[in-house]
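S.K.:
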Amino acid sequence: MIRPAVPADAAGIAEVHVRSWQAAYAGLLPDDFLQGLSIESATRTWATRLAEPRPDGAILVTSGQGSAIAGFAATGPSRDEDASPETGELYSIYLLPTAWRHGLGTALHDHAMTTLAGTFATATLWVLSTNTRARRFYERAGWTPDPRTKIDTVADGRITLEEVRYRFSLRDRS
């Protein structure tokens, strides 16, 4: 089941966010940074975000077996300075590691893309350049690498992230 997130989902989304980062970025980001991620802090961030949702965006959640949140996706207009108003963005898509490789990610991705297609002609996303697992997932889903890259930082600028942009045509999905 995939549905729009509500404020009561903040803790479930936060757990997915932290646990997926800890698993997906193991070996790609410093262990002490990943182990220091806080579900409590993430819950506060998500509670604020869900209490004041963007009118032009969507946060979707999915559950696995049972009713607990197993994954989420966030979408909206592109944040890139070179984007046209017809460009949306898949901001994030994460699943609990126990939900990987069960089809939930593909279903959540497809639902997010259909949501974006209602407003935008093209979508972009950013992915860690060294995250080959995620890059394979996106490429299998029809995303193509874009020549643009960027450097972001986390942990108050102590950790540098090199990201690559991917692009997806939404014209046939609406």
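Read the sequence shown against the UniProt record's numbering and you will find it ends at 174, with the numbers running on by one and no gaps. For glycine and all other residues, C-beta sits at the position ideal for the given N, C-alpha and C.
Between Ile159 and the rest of its own chain, which residues show a CB-CB distance below 7 Å, the 5 nearest in sequence each way excluded?
M.R.: Here residue 159 refers to the residue found at position 159 of the sequence shown. Hits under 7 Å: Leu29, Pro30, Phe33 and Thr153.
S.K.: Does the count of Cβ pairs from the stretch 57-70 and the stretch 132-150 closer than 8 Å reach three?
M.R.: The answer is no - the stretch 132-150 does not touch the stretch 57-70, with fewer than three Cβ pairs under 8 Å.
S.K.: How far does the beta strand (DSSP E) with Val127 in it reach, from first residue to last?
M.R.: Numbered from its first residue, the sequence shown carries residue 127 at position 127. Residues Thr122 to Leu128.
S.K.: I need the DSSP call for Thr144, collapsed to helix, strand or coil.
M.R.: Translated into the one-based positions of the sequence shown, residue 144 becomes position 144. Looking at Thr144 - three-state DSSP - the assignment turns out to be strand.
S.K.: For Ala74, list the residues DSSP reports as bridge partners.
M.R.: Position 74 of the sequence shown, counted from the first residue, corresponds to residue 74. DSSP, once it has assigned bridges, lists Ile59 and Ser92 as partnering Ala74.
S.K.: How about Thr124 and Arg165: are their beta carbons less than 8 Å apart?
M.R.: Stepping through the sequence shown from its first residue, residue 124 is reached at position 124. Stepping through the sequence shown from its first residue, residue 165 is reached at position 165. Yes.
S.K.: By Cβ distance below 7 Å, which residues in the same chain neighbour Arg79 in space, the five residues on each side in sequence not counted?
M.R.: By 1-based counting over the sequence shown, the position of residue 79 is 79. Around Arg79: Glu89.
S.K.: Assign Asp152 to one of three DSSP states: helix, strand, or coil.
M.R.: Here the question's residue 152 lines up with position 152 in the sequence shown. Asp152: strand per DSSP, three-state reduction.
S.K.: Beta strand (DSSP E) containing Val6: first to last residue?
M.R.: Locating residue 6 in the sequence shown gives position 6, counting from the first residue. No beta strand (DSSP E) holds Val6; DSSP gives it neither H nor E.
S.K.: Should the stretch 105-120 be regarded as contacting the stretch 66-85, the criterion being three or more beta carbon pairs within less than 8 Å?
M.R.: Yes, they touch.
S.K.: When you compare the CB positions of Glu162 and Ser129, do they come within less than 8 Å of one another, or not?
M.R.: Start at 1 with the first residue of the sequence shown, and residue 162 comes out as number 162. Start at 1 with the first residue of the sequence shown, and residue 129 comes out as number 129. Yes.
S.K.: With respect to the beta strand (DSSP E) encompassing Glu162, which residues constitute its N-terminal and C-terminal limits?
M.R.: By one-based count along the sequence shown, residue 162 stands at place 162. From DSSP, the beta strand (DSSP E) with Glu162 extends over Ile159 to Ser169.
S.K.: Applying the criterion that 16 or more other CB atoms from any shown protein chain within 10 Å of the CB defines a buried residue, is Ala68 buried or exposed?
M.R.: Here residue 68 refers to the residue found at position 68 of the sequence shown. It counts as exposed.
S.K.: In the DSSP assignment, what residue or residues form a beta bridge with Ile13?
M.R.: As a working mapping, residue 13 is identified with position 13 in the sequence shown. DSSP output for Ile13 lists no bridge partner at all.
S.K.: Buried or exposed, going by whether 16 or more other CB atoms sit within 10 Å of the CB of Ser84?
M.R.: Looking up residue 84 in the sequence shown gives position 84. Ser84 comes out exposed.
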